[in-house]
Structure formats: structure tokens, C-alpha cells
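Before any comments, here is the structure.
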Amino acid sequence: MLIKNIEAKIRLATVIAMGSLVSSVIICGIVSVFAFKQVANARQSVYILDNNVPILAKQTDMQVNRPAEYRAHVDLFHTLFFSLTPDDKYIEYQLKKAMYLIDESGAREYDDLKEKGFFTSILSSSSVLTLQTDSILLDVPRHYFRYYGKLKIDRRSSTLTRSLVTEGYLKDIPRSDNNPHGVLITGWKTLENKDLSDVQKNSF
Numbered sequence: 021m022l023i024k025n026i027e028a029k030i031r032l033a034t035v036i037a038m039g040s041l042v043s044s045v046i047i048c049g050i051v052s053v054f055a056f057k058q059v060a061n062a063r064q065s066v067y068i069l070d071n072n073v074p075i076l077a078k079q080t081d082m083q084v085n086r087p088a089e090y091r092a093h094v095d096l097f098h099t100l101f102f103s104l105t106p107d108d109k110y111i112e113y114q115l116k117k118a119m120y121l122i123d124e125s126g127a128r129e130y131d132d133l134k135e136k137g138f139f140t141s142i143l144s145s146s147s148v149l150t151l152q153t154d155s156i157l158l159d160v161p162r163h164y165f166r167y168y169g170k171l172k173i174d175r176r177s178s179t180l181t182r183s184l185v186t187e188g189y190l191k192d193i194p195r196s197d198n199n200p201h202g203v204l205i206t207g208w209k210t211l212e213n214k215d216l217s218d219v220q221k222n223s224f
């Protein structure tokens, strides 16, 4: 009888021990999942200081803002590439920054314009180029864009306005200081670059 009581107590202790172990594992799992969700939510919360007063700002999903970033990237590249002044150092600086945003198709376009004397004419005529973006057509599933803009070339003797239409594709890459949007333009080419108007300036 004594032996049976001892065996029953051992079984009871074993059951209690196993139950406690299983309960502990379940509780640890629930706590871990809850903590992970809390950390994930905290990472989406950004506090901005306004006169030393913290203001909560929620971080949105990157894919929600991606189309806006694509358009901003395309606009930035075209502005860097075409908005120029008659200063060879400035032209070099602008184009160097632009090349971080595009693949080798940008370098080919640059070499082509250089061979045609485009940049030399800017220096010789003291032209100031200003690009105005009209619209950017974006096909997100295909990562395709088409850019529409007007290029104003302000010379000493006249002001020339050209329509500019280009197209290309967009590739997601890691963000960097030189490429803050994390986008690379690929297969870029000019579809249209024709004169719209050429207004002569008064010579007196």
C-alpha cells in the first residue's frame, strides 16, 4: 500500500512538472509574439521634435509611397541632367550626380550629346537651361515611365523652348546618400526633343 502511494505521488508530481513545463513554454511563446508585434509597431512610430515637443508620426508602408518616389526620382534625374548653366564645373557636378541615378544608358546619352556639341554650345553661347516638368506617366507593374517636359534655353540673343519626351524603366536598389530614393533608371532614351518656339530678344 505504501509503495502504491509513493508511485501515485511520483506520477502526480511528474504530471504537475510536465504541465508546468508546457504551460511555461506556451506563456513564453505568447509573450514573445506579443513583444515582437510591439517592437514592429514601435518601429513604425517616428517622433518629430517641434520646439522640443515630441510629435508622433506614423511610418507608412514603403510600397504605399513608391509611385511618388518613382516620380520624384525621374524628375530629379531630368532636372540634374538638363537644368544647366554656362559653367563647365557646374555641368560636370550636375551630370556626376545624375549618373548615380541611372545605368549606362545615361552615360551613352551624355556621350551622344557631347559628340553633337550640346555642352560646348551651352558654354560658347552663355546659355542657361531650365527644365520644366509637365507630367510623368508611370506604369508601376511594368516599372515603366514616360517623361514629358519643356526645356527653355535662354541665350543672349533669343529664348528657345523645346519639348522633351523620354522613356525608360525603373529598378529598385538599396538606398544610399547618392541615391536616396533607392531607384535606378534603366534603358533610358529620348523620344522627342523638338523646337516649340524661338523668341528673339531686343538688341538694344
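Per the numbering used here, residue 21 is the first one in the sequence shown, and the count goes up by one each step.
Positions of the beta carbon are idealized from the N, C-alpha and C atoms, including for glycine.
In this text, all values refer to a predicted model and were calculated from it rather than measured experimentally.
Which residues DSSP lists as bridging Asn199, in chain order: By 1-based counting over the sequence shown, the position of residue 199 is 179. Asn199 has no beta-bridge partner at all, per DSSP.
Boundaries of the alpha helix (DSSP H) in which Asp132 is found, first to last residue: Taking the sequence shown and counting its residues from 1, one reaches residue 132 at position 112. Residues 124-135.
Exposure label - Ile47; buried when at least 16 CB within 10 Å: Counted from its first residue, the sequence shown places residue 47 at position 27. Taking all protein chains in view, the Cβ of Ile47 is surrounded by fewer than 16 other Cβ atoms within 10 Å, so the residue is classified as exposed.
Span of the beta strand (DSSP E), counted from its first residue to its last, around Asp192: Against the sequence shown, residue 192 aligns to sequence position 172. Element bounds for Asp192: 178-192.
Other residues of its chain near Asp95: CB distance less than 7 Å, five sequence neighbours each side excluded: As a first step, residue 95 is located in the sequence shown; it is residue number 75 there, counting from the start. Within the same chain, Asp95 has close Cβ partners Thr153, Ile156.
Tyr90 versus Ser44: straight-line alpha-carbon distance, rounded: Indexing the sequence shown from 1 puts residue 90 at position 70. Indexing the sequence shown from 1 puts residue 44 at position 24. Those two C-alpha atoms are separated by around 49 Å.
Inter-residue CB distance, Thr181 and Glu129 (contact presumed, cutoff 8 Å): Residue mapping note: residue 181 aligns to position 161 of the sequence shown, counting from 1. Residue mapping note: residue 129 aligns to position 109 of the sequence shown, counting from 1. About 21 Å; that fails the 8 Å criterion.
Whether Leu121 touches Phe97 by CB criterion (8 Å): Here residue 121 corresponds to residue number 101 of the sequence shown, with the count starting at 1. Here residue 97 corresponds to residue number 77 of the sequence shown, with the count starting at 1. Between Leu121 and Phe97, the C-beta spacing is below 8 Å.
Opposing strand residues paired with Leu171 [DSSP bridges]: The residue labelled residue 171 in the question sits at position 151 within the sequence shown. For Leu171, which the question treats as bridged, DSSP gives the partners Leu151, Arg182.
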